[in-house]
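Participant: In order, the protein sequences belong to chains L and P. Going by the numbering used here, the first sequence opens with residue 171, and the numbers climb by one from there. Going by the numbering used here, the second sequence opens with residue 5, and the numbers climb by one from there. Where is the CB? At the ideal position from N, CA and C, for every residue including glycine. The structure that follows is given in the form of structure tokens.
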Amino acid sequence: MVNSFRSILGSVFKNIYTVLIFTFLYLPIVVLIVYSFNASKYAVGWDGFTLEWYVKLFQDRAIMKAFYYTISVAVLSTLIATVVGTFAAIGIHNMKPLRKQLILNINNLPLLNPDIVTGVSMMVLFVFFKAQLGFITMLIAHVTFNIPYVILSVLPKLRQMPKDILEAAMDLGATPWYAFRKVIIPEISPGIVTGALIAFTMSIDDFVISFFTTGNGVSNLSIYVYSMARRGINPKINALSTLMFVSVLILLLVVNKRQGKESKKIL
Amino acid sequence: MKKLLFLMLAGLLLVTATACGEKQVVLNVYNWGDYIDETILTDFEEEYNIKVNYEMFASNEDMYVKMKQGGTKYDVAFPSDYMIEKMVREDMLVEFDATALDNFKNIGEKFTGLSYDPDNKYSVPYLWGTVGLVYNKELVDEEDVMSWDVLFDEKYNGQILMYDSQRDSLAVAFKKLGYSLNSTDPQELEEAKQLLIDQKKLVLAYVTDNIKTMMLSDEAAIGVDYSGDAFQILLEGGIDKYGYSVPAEGSNMWFDAMVIPKGSEHVEEAKLFIDYMSRPEVALKNVEYVQYSTPNTAIMGDLSDELKSIPYAYPSDEELDHCEVFVDPGAFVEEYNKAWVEIKAN
């Protein structure tokens, strides 16, 4: 009797705790979404339901431009960083211990450096080469800080891989390229996907490095939102955030559903 | 793999290719965030067939770093008074005799020949204002708001907001003590610093733009704010409930002005833009959106009743009597920085 009481109490407590954690994480987002429909410009009280901020959002050329640059830099830098990072990780994995340690330490530099150090130093570098700051420089900067994340996500998977698997594949007649494509990549693909997701998130989120390495009219959403500091955040940003949140949510639901179907097929 | 590489290369080529081949003049304009009615930019583009690349910054210092380093050739920028002074000293601005512009005549006389640009060789004023007290009339006695002492009054413990800006907060302390807000006297700075540290137990928070939300939701009763920002509170909450005042000891008067940075490749077009912004219809449209005070006196009569009803939006000379414009403190800024770190840390 006591045991089952304990277990009921335990599961109740676990449930409450889980609910609290999710509330803590998602309540700010819910408030953000609710206020995107608020007729008042300031998050004070509910002033009435309206879609005007959504309308104003699509009329605002600066936000739309910033959004376009944010997404395109994020997608391109993720692609490039993932490819470069994966190959780098494979190379590092096969290095002798001393060289491996040295390269890994260098790899950690962009991660440990404060963003402002990375941002300002890259800006100085670009100016030194007389490059015009803009899309390309921002892209290069994003690729630079994304590569370490990819390397650090792929390396553990490489370590977990059986050492002789590549040799075994080639023994069975596979060419090195075939073995790489059909054996190694599938083994480390969870690491690659994780690395790509982290890179994408870091790129969308970045402000400081982007601010210092861009120019000539190229801006991203973080810079746009930050520049509203003196005047206050317009609810158009709430509207945009809501749309982005809903898109990602739908994407994840679709991906999960497909994975669910696939695993059912296997069964 | 090959397909992926090819796609990426194609993507990069596309991006670089689109960057070249622009025959139309492009102006790079660098302004504060949300500080212009953006339809004005579209109107300007249509009238002159000049494309406008509009970038935004959050503080003078950010703008300064970006401009100093180069990398982008800005054609028009909107710095504040002390920053213009600094940029003139460091030879970062183009001298273009603003008085020769057609619409310069619309700028009120008392806004020309200001201390940071006495001959108007470098700048045309854009918007201006003061720093003052925004207060809730239901929670604060109106006799108290004509002096900075109200921010140090036990009566309002826990309902006071200070602005999270080094120079503005020090200015409040300096003015309360009767000193100039451009003081470079270490003794005066020490007193101001101590005053602010002692005040901290009465202060609810040091805030920036979220002062509006806090005042409107009655979380605080009184705060230090820029005039334009405070006007948003008055317009949203009603002038029956909220008020703005500039204390008698004096305060800061600030100006944001249009300048042409050196390195601009389109000086003539930049002048065209600055002139356009000073046109009466354009300035009026802008002021109705941004809702800050305009130096363009030609449109005074045309302002909406809403804007005209705001107290201290267009103060008299007596009301501005002890107000000062910020001057760049030069090397002494290090002392300000140290004092500010101590104030925030306590």
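#1: Does L/I386 get closer than 7 Å to chain P when you measure Cβ to Cβ?
#2: Under three-state DSSP, which class holds P/P251?
#3: Taking only beta-carbon atoms, is P/Q170 less than 7 Å away from chain L?
#4: Closest Cβ-Cβ distance between P/K216 and chain L: below 7 Å?
#5: For a contact meaning CB atoms closer than 7 Å, what does P/L220 contact in chain L?
#6: Please classify P/M5 as buried or exposed, where buried requires at least 16 neighbouring CB atoms within 10 angstroms.
#7: Got a sec: which bits of the region 296-309 of chain L sit with their beta carbon under 9 Å from any beta carbon on chain P, in order along the chain?
#8: Is there contact between the region 330-348 of chain L and the region 382-398 of chain L, where contact requires at least three CB pairs shorter than 8 Å?
#9: Let me check one thing: in DSSP terms, what residues is P/D229 bridge-paired to?
#10: Is it true that the CB of P/F259 sits closer than 7 Å to the CB of P/Y86?
#11: Please name the residue in P/M304, P/T43, P/G227 and P/N256 whose C-alpha comes closest to that of P/Y246.
#12: At 8 Å on the CB atoms, spell out the chain P contacts of L/L249, in chain order.
#13: At what residues does the alpha helix (DSSP H) containing P/A62 begin and finish?
#14: Once DSSP output is grouped into helix, strand and coil, what is the label at P/Y3?
#15: What span of residues does the beta strand (DSSP E) with P/W36 cover, start to end?
#16: Check whether chain L comes within 7 Å of P/Q73, counting only Cβ atoms and requiring the distance to be less than that.
#17: Could you pull out every residue in the same chain whose Cβ sits closer than 6 Å to the Cβ of P/F108, ignoring the five residues on either side in sequence?
#18: If we call anything under 7 Å between Cβ atoms a contact, is L/L246 one with L/L309?
#19: Using only the alpha-carbon positions, how far apart do P/T22 and L/L410 sit?
#20: Quick one: list the residues of chain L neighbouring P/A62, beta-carbon separation under 7 Å, in chain order.
#21: Under 7 Å Cβ-Cβ, which residues of chain L neighbour P/E59?
#22: In three-state DSSP terms, what is P/A209?
#23: Below 8 Å on the Cβ atoms is my contact criterion, and I expect P/V250 with P/T134 to pass it. Report the Cβ-Cβ distance as a whole number of Å.
#24: Which one or two residues does DSSP pair with P/L131 in a beta bridge?
#25: Out of P/E194, P/T76, P/V271 and P/N214, point me to the one whose CA is closest to L/A399's CA.
#26: Contact check, L/P405 vs L/W223 under 8 Å by CB: the rounded distance?
#27: As an exercise, report each continuous alpha helix (DSSP H) stretch of at least 4 residues that is fully enclosed by the region 261-349 of chain L, in chain order.
#28: How far does the beta strand (DSSP E) with P/Y167 in it reach, from first residue to last?
#29: Pick from P/E194, P/I164 and P/K55: whose alpha carbon is nearest that of P/M218?
#30: For P/V345, which residues in the same chain have their Cβ closer than 7 Å to its Cβ, ignoring the five residues on either side in sequence?
#31: Secondary structure at P/P319, three-state DSSP: helix, strand or coil?
#32: Taking the alpha-carbon positions, what's the L/A244 to L/N208 distance?
#33: Whose CA, out of P/L16, P/K70, P/W132 and P/I40, lies closest to the CA of P/I111?
#34: For the alpha helix (DSSP H) that P/T46 lies in, which residues bound it at each end?
#35: Determine, for P/G254, whether the minimum Cβ-Cβ distance to residues of chain L falls below 7 Å.
#36: For L/L272, count the other beta carbons within 10 Å of its own beta carbon; 16 or more makes it buried, fewer makes it exposed. Which is it?
Facilitator: Taking the structure as given:
#1: Mapped onto the first sequence, residue 386 of chain L falls at position 216. Reading off the sequence, residue 386 of chain L comes out as Asn, not Ile. Taking CB atoms only, L/N386 has a neighbour in chain P less than 7 Å away.
#2: As a first step, residue 251 of chain P is located in the second sequence; it is residue number 247 there, counting from the start. Coil at P/P251, not helix or strand.
#3: Indexing the second sequence from 1 puts residue 170 of chain P at position 166. No, P/Q170 lies away from the interface with chain L (no Cβ there is under 7 Å from its Cβ).
#4: Here residue 216 of chain P refers to the residue found at position 212 of the second sequence. Yes, P/K216 lies at the interface with chain L (some Cβ there is under 7 Å from its Cβ).
#5: If you number the second sequence from 1, residue 220 of chain P lands on position 216. Chain L residues near P/L220: Y212 and V214.
#6: Mapped onto the second sequence, residue 5 of chain P falls at position 1. Exposed is the call here.
#7: F296, V297, K300, A301, Q302, L303, G304, F305, I306, T307 and L309
#8: no
#9: In the second sequence, the residue the question calls residue 229 of chain P occupies position 225. Answer is P/G136.
#10: Taking the second sequence and counting its residues from 1, the one referred to as residue 86 of chain P is at position 82. Taking the second sequence and counting its residues from 1, the one referred to as residue 259 of chain P is at position 255. Going by C-beta atoms, P/Y86 is not nearer than 7 Å to P/F259.
#11: Here residue 246 of chain P corresponds to residue number 242 of the second sequence, with the count starting at 1. Nearest option by C-alpha distance: P/G227.
#12: By one-based count along the first sequence, residue 249 of chain L stands at place 79. In chain order: L8 and M12.
#13: For the purposes of this step, residue 62 of chain P is taken as the residue at position 58 of the second sequence. Counting along the chain, P/A62 falls outside any alpha helix (DSSP H), and DSSP gives it neither H nor E.
#14: The structure shown does not extend to residue 3 of chain P, since chain P is modelled only from 5 to 350, so the question has no answer here.
#15: Taking the first residue of the second sequence as position 1, residue 36 of chain P is located at position 32. V30 to W36 is the span of the beta strand (DSSP E), which, as asked, contains P/W36.
#16: As a first step, residue 73 of chain P is located in the second sequence; it is residue number 69 there, counting from the start. Chain L, which has a Cβ nearer than 7 Å to the Cβ of P/Q73, makes this yes.
#17: Here residue 108 of chain P refers to the residue found at position 104 of the second sequence. Same-chain partners within the cutoff: A102.
#18: Taking the first sequence and counting its residues from 1, the one referred to as residue 246 of chain L is at position 76. Taking the first sequence and counting its residues from 1, the one referred to as residue 309 of chain L is at position 139. Yes; because the gap between Cβ atoms is below 7 Å, this pair is in contact.
#19: By one-based count along the second sequence, residue 22 of chain P stands at place 18. By one-based count along the first sequence, residue 410 of chain L stands at place 240. Confidence in P/T22 is poor, its pLDDT being 45 and thus under 50, which makes the residue's placement too unreliable to answer from.
#20: Position 58 of the second sequence, counting from 1, holds the residue named residue 62 of chain P. In chain order: Y396, S397, A399 and R400.
#21: Numbered from its first residue, the second sequence carries residue 59 of chain P at position 55. The answer, in chain order, is G387 and S389.
#22: Within the second sequence, numbered from 1, the residue matching residue 209 of chain P stands at position 205. Strand at P/A209.
#23: Counting from one through the second sequence, the residue named residue 250 of chain P turns up at place 246. Counting from one through the second sequence, the residue named residue 134 of chain P turns up at place 130. Sure, about 5 Å apart at Cβ, within 8 Å.
#24: By one-based count along the second sequence, residue 131 of chain P stands at place 127. Paired residues: P/D260.
#25: Counting from 1 along the first sequence, the entry for residue 399 of chain L is found at position 229. Scanning P/E194, P/T76, P/V271 and P/N214 for the CA closest to the CA of L/A399 turns up P/N214.
#26: Here residue 405 of chain L is taken as the residue at index 235 of the first sequence, counted from 1. Here residue 223 of chain L is taken as the residue at index 53 of the first sequence, counted from 1. The pair is a contact, with the Cβ atoms about 4 Å apart (cut-off 8 Å).
#27: 267-282, 285-298, 305-330, 335-341 and 346-349
#28: The residue you call residue 167 of chain P lines up with position 163 of the second sequence. Its beta strand (DSSP E) spans residues I164 to Y167.
#29: Start at 1 with the first residue of the second sequence, and residue 218 of chain P comes out as number 214. For P/M218, the nearest C-alpha among the options comes from P/I164.
#30: Against the second sequence, residue 345 of chain P aligns to sequence position 341. Excluding positions up to five away in sequence, the list is empty.
#31: Taking the second sequence and counting its residues from 1, one reaches residue 319 of chain P at position 315. Three-state result, P/P319: coil.
#32: Here residue 244 of chain L is taken as the residue at index 74 of the first sequence, counted from 1. Here residue 208 of chain L is taken as the residue at index 38 of the first sequence, counted from 1. One C-alpha to the other measures close to 30 Å.
#33: To locate residue 111 of chain P, count along the second sequence from 1; it is residue 107. For the residues P/L16, P/K70, P/W132 and P/I40, the minimum Cα distance to P/I111 belongs to P/W132.
#34: Here residue 46 of chain P corresponds to residue number 42 of the second sequence, with the count starting at 1. That run of the alpha helix (DSSP H) goes E42 to Y52.
#35: Your numbering for residue 254 of chain P matches position 250 in the second sequence. Closer than 7 Å: no.
#36: Here residue 272 of chain L corresponds to residue number 102 of the first sequence, with the count starting at 1. Counting Cβ neighbours within 10 Å, L/L272 comes out exposed, since fewer than 16 surround it.
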